[in-house]
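Count the sequence shown with this note's numbering and you get residues 64 to 321, in order.
By construction, the Cβ of each residue, glycine as well, lies at the ideal position given by its N, Cα and C atoms.
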Amino acid sequence: MADVGKTATDLPREGVFEEAGRSFHIRPDQQGIAERDEEGSGFRWEREFGSLITTAAATQNLSAWGLLDGRVFLLDRAGAVLRIFDPRQEGIDSAHACVYALALSEQGESLAVLFGILPQYVLVYERKSGFYSLSYTRKLQGDLRSAQSAAFARNGRSLLVKTADGLVFFDRDRGKGALLHPGRFAGDGEMLIEGFGDDSFALLKASADQRYVGLVRHGALEAYFPLPKDSFGLIAGEDSFIIRGGERDLIFTRGEYE
């Protein structure tokens, strides 16, 4: 679960990143990590990156770490490096290299990256026959310079990313992307995105002192309405999602939108 007020992938200078039931200690210099063991009393492994960590994503068997120098480290469950992605080596040209958002599909067959400044890009890498290759590139008109939220649907077939231009939706089966409601979602407002069921995404947006919840299904915005101002967190599951609140939590089920 992530909170509005610090974006979904905002990492503490010295603290813990938790996702997919895993817990990672972030070193004080933000250039290394260690995964905690199940008891929380020690560490399974450690990894040094040599550049500041800017964002991260994890599944049960993989973790991805975006760096200030523009690289992404993909690690296996034991902390071994499976691949180092460097978009600049694949002809992606930006004035400044940095990674601002990451998303990993549950089975690790896809990795999404929000990369660079002037210009900024949404990139999707897909694994085929054991190798990752760049399958989708979207050049953005604007750029955001802080950690952003991105997620794959639970079946891994679609992606949603918060960008300066708006919400970028990518359909892996069709190999096509689209920009959703730029008038509503463009700019630097804070947002959390979580995969909800196999084909949907739950959104929590913060704008000034307002909070909004949204539901995207099959690339279309099906619901969007205001929430109590004390709403701050989003937890998504198979058939429901929860909006955390200061006074009470709100639970939304799939049946409400069928």
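Subject >> Three-way DSSP call (helix, strand, coil) for Gly193 in this model >> reply: By 1-based counting over the sequence shown, the position of residue 193 is 130. Three-state DSSP puts Gly193 in coil, outside helix and strand.
Original post:
Leaving out the 5 sequence neighbours to the left and right, which residues in its chain are closer than 7 Å to Leu197 when beta-carbon positions are compared?
Top reply: Residue numbering aside, residue 197 sits at position 134 when the sequence shown is read from its first letter. Within the same chain, Leu197 has close Cβ partners Glu153, Leu186 and Tyr188.
**OP:** Since I believe Trp128 is in contact with Phe148 (beta carbons under 8 Å), could you give me their beta-carbon distance rounded to a whole number of angstroms?
**Re:** Start at 1 with the first residue of the sequence shown, and residue 148 comes out as number 85. Start at 1 with the first residue of the sequence shown, and residue 128 comes out as number 65. Going by Cβ atoms, the distance from Phe148 to Trp128 rounds to 10 Å, so no, they are not a contact pair.
Subject >> Limits of the alpha helix (DSSP H) - the one that Pro289 falls within >> reply: Residue mapping note: residue 289 aligns to position 226 of the sequence shown, counting from 1. Looking at the DSSP string, Pro289 is not in any alpha helix (DSSP H); the run it does join, the beta strand (DSSP E), is Ala283 to Leu290.
**OP:** State yes or no: is the C-beta of Phe215 within less than 9 Å of the C-beta of Ala265?
**Re:** Looking up residue 215 in the sequence shown gives position 152. Looking up residue 265 in the sequence shown gives position 202. For Phe215 and Ala265, no; Cβs fall outside 9 Å.
Original post:
Can you list, in chain order, the stretches of the beta strand (DSSP E) that have 3 or more residues and sit fully within the stretch 80-130?
Top reply: 85-89, 95-99, 106-111, 116-121 and 125-130
**OP:** For the beta strand (DSSP E) holding Arg307, just list the boundary residues, first then last.
**Re:** The residue you call residue 307 lines up with position 244 of the sequence shown. Unbroken beta strand (DSSP E) run through Arg307: Ser303 to Gly308.
**OP:** Determine, using beta carbons only, whether Arg208 and Tyr184 come nearer to each other than 9 Å.
**Re:** Counting from 1 along the sequence shown, the entry for residue 208 is found at position 145. Counting from 1 along the sequence shown, the entry for residue 184 is found at position 121. Contact: no.
Subject >> Gly219 and Glu169 closer than 9 Å at C-beta >> reply: Translated into the one-based positions of the sequence shown, residue 219 becomes position 156. Translated into the one-based positions of the sequence shown, residue 169 becomes position 106. Yes.
Subject >> Contact check, Val276 vs Leu290, beta carbons under 9 Å >> reply: As a first step, residue 276 must be located in the sequence shown, where it is residue number 213. As a first step, residue 290 must be located in the sequence shown, where it is residue number 227. For Val276 and Leu290, yes; Cβs fall inside 9 Å.
Subject >> 6 Å CB neighbourhood of Gly205 in its chain, flanking five on each side removed >> reply: Counted from its first residue, the sequence shown places residue 205 at position 142. Once the five neighbours on either side are set aside, the close Cβ partners of Gly205 are Ala227 and Asp228.
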